[in-house]
Structure formats: C-alpha cells, structure tokens
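Comments concern the structure below.
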Amino acid sequence: MSELSASPTPSSPTPRAPARPARLVLRAAAAVAIAALGFCAYAVAFPANVPEQVGDIVENLTGANPHPVVLQRPPVAPLSAMAQLGKKLFFDPSLSASGQQSCASCHSPDHAYGPPNSLDVQKGGLAMTQQGYRPPPSLMYLYRQPNFSIGPDAGENDDAPTVAQQATAAANVVKSQKTAGGASTSVEMVPQGGLFWDGRADTLQQQAYGPLMNPVEMANTSIDTVAEKLKNTPYAKEFNALFGARVFDDHRLAVAEAMFAISRYQVEDQSFHPYNSKYDRWLEGRAHLSQAELHGLRLFNDPDKANCAGCHLSKPAKDGLPPMFTDYQYEALGVPRNRKLAQNQDAKFFDLGVCGPFRSDFKDQTQYCGMFLTPTLRNTSTRSVFFHNGIYHNLDQVMAFYNERNTDPGKFYPHGANGKIDKYDDIPAQFQKNVDVTDAPFDRKFGEKPAMTADEIRDIEAFLKTLNDDPVAAN
Ligand code: HEC
Ligand code: HEC
C-alpha cells in the first residue's frame, strides 16, 4: 500500500484522493478471491450442485465425481435357513467324488469367488488329476444375470420366446456397432444373458448341477450318489427340518433342494454383491479418483480409444442400479488358442462357445461360433487368469491383446506352415468372419497406430483396480 506511505507534496494538493478508487479495487478483488475460494470449497464439497463446466473443473482438480448418484444395493439381512444350508454345501468337499473339492475350491471367497491360483484351468475329477475346460469365472454379482436369450433385449419378460424361435429369428443376424455410451444403429440380434462362458445354464440352481456331475470337476456319477452324500453330511438333519422327514426318499428332490439352497446362499450373502469398490464410492461422491484413475476411466469410456465401456458398461442405470461392467452379451474376440489345454491337444477340437460343443442347441447357428459371454470387470484385477481359455495371466497381456490384435497380430498368434500369421487360430477359418473387427479398439488396421499408448494402458489398469471390492465380514 505505497499510496498510504507516500508523503504529500506541494504539487499534489489532494494527495490521498487517488488512494480511494485503488483501495476499492483491492477490496473488491479480495472479495472476489474469497468468494471464488468459497465457491471452490463449496464445489468440492457439493460437486453435484454446481454447473456442468464447473463440475468438470472440480473433477479435474480433485478427482471427485461432479454428479454423484444414489446407488441401489440389495438389502443386507441375515441369511435365511435355506441360505445357511447352502453355505454349508458350498464349502463341503465331501460332496465331490474325490472328497477334496468344494465349490469354494474353484470359487474362492478370498479371490472374489474366482480361482485361487493362476492355473489356466483347474484340476478335478475322482483323483483330482483331470484338467478342466475353462477357467472358473467369479461368482460375484450373478444375482443380476438375465436368462439366456437371443435378439432384442427381452429383459425379465415371462413370455420370452423359446430357444427354437430365437434361433430362427436370429438366422440373419445384423450386428450393430457397439460404442461406449452410443446408441446402436440397428436392432441387435445377439445372444445375451445366461450362466457359464457360453450361457448354457439360466438359473444358479440349474447351474450348480453342472460342477457336481462334471467328470473333470466334482465328478459325481449320478444324482443318487449325490443324494447319498447329502444324507451322510453332519447337517443332514437341516434338510429334514427344511424339507420334511422324507426328503431323502426322493433323490431328485433332495438334490434339487440342495441346489436351490446353494443358489440362495449366492443370492443372499452380501459378500457376493457388496458394491463397495472405490469406483462405487466415487459414483456416490464418497471417494476421489487419482489423476491416473480418472484418466483411465475417461479412456475406458471413450468410444474412439479403449471403448471398453462399449461392452463392459460403466454407468449406473437411471434407477440407481450400480453398473455391472458387462452388457451380458456375447462377442467373438478371437482370443489365441491355448495350446496347453488338454482338450486342445486334439488339433480338430475347438471350443466355440455359444455354438458348442458344451452346448448343442445352437450348433447350426454358425454366426455364433466363437462367441463368449462378456464377463464383469468388477474385481477383475484380483484374477490371475483371463479369457475363456485362460490364455493370459495378467492385465498387461490382456491390454496388449486388445490394443494390438489387429495392428501387430504376430505378437499373439503363431506362424502357420505357409509362414503367414495364423490369426484367430482358435476359430476354424469358415467362422473367423464372426470375430469383432468393427468396435474400437479392434477397428485399427494392420500396421496402424494402436488405439492406446503405454501410458494410457497404465492408467486404464489403474482405473480397473478401483473396481475391486473391499472384503466384507462373513455373514
Ligand atoms: C473344478 C473347479 C470347479 C468347481 C469345483 C466348481 N466350479 Fe463352478 N465353474 C467352474 C468353471 C470352469 C466354470 C465355467 C464353466 C463353463 O463356462 O463352461 C464355472 C462356472 C460356474 C458358474 C457360472 C458363472 C458365470 O459367470 O456364468 C457358477 C454359478 C458356478 N460355477 C457355481 C459353482 C457351484 C455352486 C459349485 C459347487 C456346487 C461349483 N461352481 C463348483 C469351475 C468349478
Ligand atoms: C466388443 C466388446 C468388448 C470390448 C469393446 C471390450 N471387451 Fe473385454 N471382453 C469382452 C468379451 C466378449 C470377453 C470374453 C472373451 C473371451 O473370453 O473369449 C472380454 C473379456 C475381458 C477380460 C477378461 C475377464 C475375465 O474374467 O477373464 C478383461 C480383463 C477385459 N475384457 C477388459 C476389457 C478392457 C480393459 C477393454 C477396453 C480396452 C475391453 N475389455 C473391451 C468384450 C469386450
């Protein structure tokens, strides 16, 4: 404030006069600065209440979500008697032929109900020496998995068309381009929903028969042997309490009730669907993303760059249902053949997903050959085995595949006898046209610049880690 200290001189009879406007300006400036600071603090504290552009600035500066939502989580309640029984079944190795394997052996609660190791596929069977066909998916969040269907989204419609009707309708499939956030241009006629990598089971109850009877998994040879085992469990009396004294008279009924109990456990226990990841908290305005995570999220959503959200949906539904990071649809990505799998020792064997061989109802619908279910990416970075054939073991490998499958295929596929790159080597030549080459990041051509840089991949992986749930206390 030099004006104040400047001494008056004879040549300036009104020495203090200029000070007034200057002081006003200063005060005004200070007031504006304080107001701006206050607004910033307000915007940081309540980002939802400020205009869009300001929200973006806040997001950039602080990593806070400018548009928080209220997420609808399933209610948390103590397990029903049925679910408590299901929990015992889930962890009981005595139900397997080897006596060594329970559901939890392949779907470990400490590993987001996915495999507890990095084996390409798990071992099972009577002597625990048989190799499985595919890696176990996570069992988390399956309570929202819709039934298998083909065509425009039938939702939970009770009048859903039969599989035969769907197959006829789907004979002339028009595939529309999937972009993150963008509406598709034509009616989608693609398979969706269902359980297993190929959607061959609809309900968790129906599904549980699979591993119990699968010769390379829990390897029971008949429903009768399973019923016999149930009868001999220390908790057999709980069956009687729940289903009546004569439940074991009818073996099919006893096993069906057991499968229902296992499914209730997966539906009721909060540990299967806690929605407490950093990203969930960020959606609700309760957590800040780091600059790397935020940048990763934007790339994940960018339809021209990574475009992950084109299939692994990242935005909450209007009614507040948290995003599931899958659109429940099937795609052929042309993942390289895993030559280490026992089944692949036979050069003529191909696991083609929806068109077989582990399901047979769509074996003539060859437009679906090579298609597998889009898995959720929640908790994906806790896994150490990826894709339907377990070919990759870390996210760097997965990201490299997405980024360079087309631009530099020699990195992923072997060279054939003719010296040419044997692209899409896990799908017979006549079905390779089913492979997705239109959706980013797969739309780049041979020799072109890949969709993502190394730094961008690093940031997407940082974002993917925000999808890991914190463990919840056992129910
Ligand atoms: C030997 C390992 C193993 C055991 C034991 C096992 N599973 Fe699985 N599970 C798998 C594999 C592998 C798949 C995927 C199979 C496929 O796609 O064909 C799978 C798939 C599933 C799925 C479908 C998941 C999805 O995302 O579609 C559910 C549900 C499931 N298992 C539940 C169970 C239950 C319940 C038990 C116990 C009764 C059990 N599993 C025992 C390996 C196992
Ligand atoms: C066109 C749809 C589509 C797009 C785009 C897409 N994915 Fe996928 N994603 C799939 C399908 C389908 C699978 C399963 C493929 C298989 O196993 O054959 C999959 C599998 C995965 C898996 C393995 C999960 C597991 O449990 O094995 C990861 C990780 C993954 N995607 C991440 C991403 C990321 C990151 C991006 C963006 C760079 C992305 N995806 C883009 C459809 C898509």
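Note that my numbering gives residue 257 to position 196 of the sequence shown, counting from 1, and the numbers run on in steps of one. For every residue, glycine included, the Cβ atom is placed at its ideal position computed from N, Cα and C. As the structure is a prediction and not an experimental result, all values here were calculated from the model.
List the whole-angstrom C-beta distance separating residue i from residue j, where the pair is believed to meet the contact cut-off of C-beta under 8 Å.
i, j, result
"ARG117", "ASN337", "The amino acid at residue 117 is misidentified as Arg; the sequence shows Asp. So it is not a contact: roughly 27 Å between Cβ atoms."
"PRO170", "VAL182", "Not confirmed; about 20 Å, so no contact."
"CYS372", "THR435", "5 Å"
"ARG325", "ALA144", "4 Å"
"LEU358", "ALA367", "LEU358 to ALA367, Cβ: 10 Å. No contact."
"GLY186", "SER155", "About 16 Å; that fails the 8 Å criterion."
"LEU314", "LEU438", "Actually they do not touch by this definition, with Cβ atoms about 39 Å apart."
"VAL533", "ASN450", "Actually they do not touch by this definition, with Cβ atoms about 31 Å apart."
"GLY381", "VAL115", "Not really, about 24 Å apart at Cβ, beyond 8 Å."
"MET432", "ALA370", "Actually they are not in contact, since the Cβ atoms of MET432 and ALA370 sit about 20 Å apart, beyond 8 Å."
"GLY508", "THR468", "6 Å"
Where residue i and residue j are concerned, what is the direct C-alpha to C-alpha distance, given to the nearest angstrom?
i, j, result
"ASN126", "TYR340", "10 Å"
"PRO418", "GLU345", "43 Å"
"ALA403", "LYS184", "11 Å"
"MET385", "ASN479", "43 Å"
"ASP219", "GLN267", "Residue placement at ASP219 is poorly supported in this model, since its pLDDT is 36, which falls under 50; the coordinates still yield a value, given next. Whole-angstrom Cα-Cα distance: 18 Å."
"PHE423", "GLY271", "19 Å"
"ASN47", "LEU355", "The requested residue 47 is not part of the displayed model; the chain covers only 62 to 536."
"ARG466", "VAL496", "11 Å"
"LYS379", "GLY193", "40 Å"
"GLN426", "GLY254", "17 Å"
"GLY430", "ALA490", "Residue 430 is actually Cys in this sequence, not Gly. If I take the Cα positions, the gap works out to 11 Å."
"PHE447", "VAL459", "7 Å"
"ILE284", "ASN293", "14 Å"
"LEU150", "LYS510", "52 Å"
"SER141", "LEU203", "19 Å"
"ARG134", "ARG205", "12 Å"
"ALA262", "THR123", "44 Å"
"GLN191", "LYS506", "41 Å"
"LYS494", "GLU522", "30 Å"
"GLY305", "TYR389", "38 Å"
"GLY147", "TYR474", "43 Å"
"THR443", "ASP310", "43 Å"
"PHE321", "THR264", "9 Å"
"GLN327", "HIS172", "15 Å"
"GLN352", "ASP520", "9 Å"
"PRO537", "THR282", "Limits of the chain in this structure are 62 at one end and 536 at the other, which puts residue 537 out of reach."
"ARG398", "LYS409", "12 Å"
"VAL251", "ALA515", "33 Å"
"ARG342", "ALA297", "42 Å"
"HIS128", "PRO470", "40 Å"
"LYS239", "LYS526", "24 Å"
"ASN301", "ALA319", "12 Å"
"SER332", "ARG88", "57 Å"
"PHE524", "ASN362", "11 Å"
"PRO383", "ASP407", "43 Å"
Any idea which residues DSSP pairs residue i with across the strands?
i, result
"ALA262", "LEU256"
"MET432", "GLY414"
"GLU392", "PHE433"
"PHE447", "TYR453"
"ILE482", "HIS476"
Among the options, which has the Cα closest to the Cα of residue i?
i, options, result
"MET201", "LYS298, GLY255, HIS334", "HIS334"
"ALA461", "SER324, PRO436, PRO502", "PRO502"
"LYS290", "GLU299, VAL316, GLU278", "VAL316"
"ALA138", "LYS506, ASP330, MET279", "ASP330"
"SER179", "ARG398, LEU456, GLN406", "LEU456"
"THR499", "SER375, PRO364, GLN406, SER421", "PRO364"
"GLN28", "ASN281, ASN464, TYR391", "Outside the modelled stretch of the chain, which goes from 62 to 536, sits residue 28, for which no answer is possible."
"ASN208", "ALA370, GLY260, ALA288", "GLY260"
"VAL308", "ALA288, LEU132, ALA322", "ALA288"
"ILE452", "ASP487, GLY477, ARG420", "ASP487"
"ASN275", "GLN162, LYS376, HIS128", "GLN162"
"LEU132", "ASP407, GLY471, LYS376", "LYS376"
"SER199", "ILE211, ALA188, CYS167, MET189", "CYS167"
"VAL277", "ALA188, HIS454, PHE411, HIS128", "ALA188"
"SER157", "THR286, PHE257, GLY175, ASN464", "THR286"
"GLU517", "LEU303, TYR463, LEU413, SER210", "TYR463"
"CYS416", "TYR174, ARG400, PHE492", "PHE492"
"PHE257", "LYS481, LEU374, ARG420, ILE323", "ARG420"
Within 8 Å (strictly less), CB to CB, does residue i reach chain B?
i, result
"GLN331", "Among the chains of the structure shown, chain B does not appear; only one protein chain is present."
Hey, which unbroken runs of the alpha helix (DSSP H) at 4 residues or more fall wholly within the stretch 140–220?
Qualifying alpha helix (DSSP H) stretches, in chain order: 142–151, 164–167.
Ignoring anything shorter than 4 residues or poking outside the stretch 270–316, list the alpha helix (DSSP H) runs there in chain order.
Within the stretch 270–316, complete alpha helix (DSSP H) segments of at least 4 residues are found at 284–292, 297–304, given in chain order.
Beta strand (DSSP E) runs wholly inside the stretch 328–369, at least 3 long, in chain order:
Within the stretch 328–369, no complete beta strand (DSSP E) run reaches 3 residues.
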